[in-house]
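See below for the structure under consideration.
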Ligand code: MOS
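Residue numbers (my numbering): 27 to 795.
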């Protein structure tokens, strides 16, 4: 199992939901999504569909035996639309047939009449109409109102960031197999086995112990399967319970893109005040989050936007307000960074504009305001173990920022139509679920009599290598060869009440639980070994590289011979353990607390070249110094960092989620939605891990890696903007992501074109947003 499942993936032997052997009499389910963005269901007739060939059932809201409710944070999301529809693609009915083709054919016979209601797509408009999913949240530090008059320079503006399709390689899918006495076994492509279990129990009206959820691995997730795997699993289970047969529901790529939520687009207004020497004195920001038609995880994502509103900087006076706006598009959901990137995008916009206003290099402002040990975040926590300055300094010197800046300026002086842009991007990302309750993990460890070890935890393997890290933890605690350890699938029978594998915490939480369980077994092994050796001092026993030592001397015992003897002594060779992150809390009434176990830090240097005639660009370099602590798996972490960076670049450059004015997704295929390819990968992508760093709060001093590197992509955005600014030094460029080549062109020539054609600037949008 080198690097987790990698060998299986390389050979095409890794099984996903759709690859599982099909149970006898398997039926297939296909979902009918609403064709209207908003409306009242006037008529739903499934009679003809139910009578069509091969069809066993056509299910709608009326067929749900338990509650028609899948909302996690807010009970506002029916599994199947009942009276109204709130977005295009909202599940209305499910056809269950012997083949997928028959189920699809049946969908076309469903008669659905909807009386259209006005649809709202814009979050600012939704806020005006009072369409907020939860009340607004405001984080305050100091007294921002009185700070403005002390500022020498105040800059205000707007920044918009777009959505992002997860595009995990494995689409959403689930296989539900009914068992005896109203039990249901479900294999689901979910990050949240327990979340799926809970909702299926609720929908079927049975106790949670009737529902077993199993996850072998996911073909990617990126947050898209934290909450949004649930509906498909619940629909499969509903169909299986109704038909008394196994049911598979696997979304086609097109259905997956059309029916599942994405990263939240945000529109934000900011105001930043600085002293004449470039210190940030005050920052005010309002975030309008486009949540879509249901809460999903939006309120939690909104919270993380607030937690990261000041990015990697210390700002003494802050007021940040965030609105969770209900609109008639797909319910948006978790996506790597979980609202953090959207918050950081805006403070970087503010610094970019402030630097232009002060006539200084943006990096100068960034450096002057960078977080230091002990600085207070707007939520009251202080930066501890803060390696932001070290990463910044090391990135600057290792990648010779001063020389790069000289070279870029020289290039821009000597090139008319090609311009280079440079940006430094510091990242600070809080590690822990912002929802304190979720910061718990568990493990179940068995040592078998032949000395092999089985480890089950709450962590789901989704390509991030968490199983590899868990194995490393067990191997280190037992001091045995990693080959002895097998990390199992994730199943609710073995590990209950799992938190989603999310928030970059999978290895931290479940690794710690594994560590505790293994230590408990080691303690028993040592006791048994002491007895075997006829000594009474357990503390003198040590297991080192599969050998048993006593008082520092090798004994005749080794792992292989000890384990069966421990069994013979009737000593428990299994352990279950639980880990809860200590010391964290958050008081929502004051919006203050210590929500994070620790922060991840790093800095990227980004360089781009823009062809200002064509609007195309190349990413010359992204070079990073990232604080990872001593890694449990350096190759895995490097892969996570590189993948995250390219995914972040994609979000801010070529990935563009567009809806029509009727609320129809226009980018639901791979011909209309562009993801980064090899050409968009930085020509020089370098990730150096900071040396000599320790994180006593992580497992074996390591740090979480899943999400933080994505935000280095922001540096590419601001490097592109810098290059465009070099071409149009007089223009106040809009801050609006993604910066597709088309957008670059429109931005550089927008005014010229409008004058030429007598058009309004808005008319230049090729597709109505
Ligand atoms: Mo992740 S975006 O916290 O599933």
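Beta carbons: idealized from backbone N, C-alpha and C, even for Gly.
As the structure is a prediction and not an experimental result, all values here were calculated from the model.
Whole-angstrom C-beta distance between residue j and residue i, which should lie under 8 Å
i: residue 370; j: residue 747; result: Contact doesn't hold; Cβ gap of about 15 Å is too wide.
i: residue 339; j: residue 619; result: Not quite, the Cβ-Cβ distance comes to about 20 Å (not below 8 Å), so this is no contact.
i: residue 719; j: residue 413; result: 6 Å
i: residue 810; j: residue 505; result: Lying before the first or after the last residue shown, residue 810 is absent from the chain, which here runs from 27 to 795.
i: residue 15; j: residue 268; result: Missing from the structure shown is residue 15; the chain here goes from 27 to 795 and no further.
i: residue 135; j: residue 60; result: Their Cβ separation, rounded to whole angstroms, is 17 Å, which puts residue 135 and residue 60 out of contact at 8 Å.
i: residue 163; j: residue 348; result: 5 Å
i: residue 42; j: residue 245; result: 5 Å
i: residue 773; j: residue 737; result: About 23 Å; that fails the 8 Å criterion.
i: residue 266; j: residue 273; result: 4 Å
i: residue 693; j: residue 699; result: 4 Å
i: residue 92; j: residue 193; result: Contact flag wrong, Cβ pair sits at about 33 Å.
i: residue 652; j: residue 713; result: 6 Å
i: residue 544; j: residue 503; result: 4 Å
i: residue 238; j: residue 517; result: 7 Å
i: residue 445; j: residue 636; result: 5 Å
i: residue 106; j: residue 87; result: 4 Å
Bridge partner(s) assigned by DSSP for residue i
i: residue 858; result: Nothing in the structure corresponds to residue 858, since the chain is present only between 27 and 795.
i: residue 456; result: 625
i: residue 637; result: 444
i: residue 314; result: 293 and 349
i: residue 710; result: 647
i: residue 392; result: According to DSSP, which records beta bridges pairwise, residue 392 is partnered with nothing at all.
i: residue 83; result: 122
i: residue 516; result: 241
i: residue 117; result: 59
i: residue 321; result: The partner list for residue 321 (beta bridge, DSSP) is empty, contrary to what the question assumes.
i: residue 480; result: 472 and 512
i: residue 613; result: 618
i: residue 204; result: 210
i: residue 274; result: 54 and 201
i: residue 579; result: 576
i: residue 335; result: Bridge partners of residue 335: none, in fact.
i: residue 158; result: 351
i: residue 142; result: 65
Exposure label - residue i; buried when at least 16 CB within 10 Å
i: residue 611; result: exposed
i: residue 196; result: buried
i: residue 792; result: Here the model assigns residue 792 a pLDDT of 44, short of 50, so the residue's position is not dependable and the matter cannot be decided.
i: residue 39; result: exposed
i: residue 54; result: buried
i: residue 428; result: exposed
i: residue 114; result: buried
i: residue 155; result: exposed
i: residue 385; result: exposed
i: residue 697; result: exposed
i: residue 232; result: buried
i: residue 595; result: exposed
i: residue 294; result: buried
i: residue 614; result: exposed
i: residue 133; result: buried
i: residue 679; result: buried
i: residue 400; result: exposed
i: residue 30; result: buried
i: residue 116; result: buried
Chain B within 8 Å of residue i, Cβ atoms only
i: residue 186; result: The structure shown contains no chain B; it is built from a single protein chain.
Near the ligand MG: residue i beta-carbon under 7 Å from a heavy atom
i: residue 296; result: As presented, the structure is devoid of the ligand MG, carrying the ligand MOS as its sole ligands.
Using a Cβ distance threshold of 8 Å, determine whether the region 755-765 contacts the region 532-541, with at least three qualifying pairs required. Under the three-pair Cβ rule at 8 Å, the region 755-765 does not count as touching the region 532-541.
Contact between the region 425-442 and the region 313-328 (3+ Cβ pairs under 8 Å): Contact annotation: the region 425-442 does not touch the region 313-328, with fewer than three C-beta pairs closer than 8 Å.
Residues passing the C-beta test against the ligand MOS heavy atoms, cut-off 6 Å: My final list is 217, 249, 252, 360, 361, 362, 364, 528 and 529.
Three or more beta-carbon pairs under 8 Å between the region 490-504 and the region 168-184, yes or no? Result no; under three Cβ-Cβ pairs closer than 8 Å.
With a threshold of 8 Å, are at least 3 pairs of Cβ atoms found where one atom belongs to the region 258-271 and the other to the region 199-219? Touching, per the Cβ criterion.
Taking contact to mean at least 3 C-beta pairs separated by less than 8 Å, is the region 477-486 in contact with the region 509-518? Yes, the region 477-486 touches the region 509-518.
I'd like to know if the region 123-131 and the region 351-370 are in contact, where contact means that at least 3 CB-CB pairs between them fall below 8 Å. With the rule of 3 Cβ pairs closer than 8 Å, the region 123-131 does not count as touching the region 351-370.
Mind the definition here: the region 132-151 touches the region 351-360 only if three or more C-beta pairs lie below 8 Å; say whether that holds. Taking 8 Å as the limit for Cβ pairs, the verdict is that the region 351-360 does touch the region 132-151.
Given 8 Å as the limit, is there contact between the region 409-423 and the region 621-633, that is, 3 or more CB pairs closer than that? Under the three-pair Cβ rule at 8 Å, the region 409-423 counts as touching the region 621-633.
contact_flag[the region 705-723, the region 304-311] where n(CB pairs < 8 Å) is 3 or more: No: the two stretches stay apart, fewer than three of their Cβ pairs being nearer than 8 Å.
Under 8 Å: do the region 590-602 and the region 378-393 share three or more Cβ pairs, one atom per stretch? With a cut-off of 8 Å, the region 378-393 and the region 590-602 do not count as touching, because too few Cβ pairs lie within range.
The region 642-657 contacting the region 568-582, beta-carbon criterion three pairs below 8 Å: No, they do not touch.
Decide yes or no for the touch test of the region 721-733 against the region 654-674: beta carbon pairs closer than 8 Å, at least 3 of them. Enough Cβ pairs lie closer than 8 Å, so yes.
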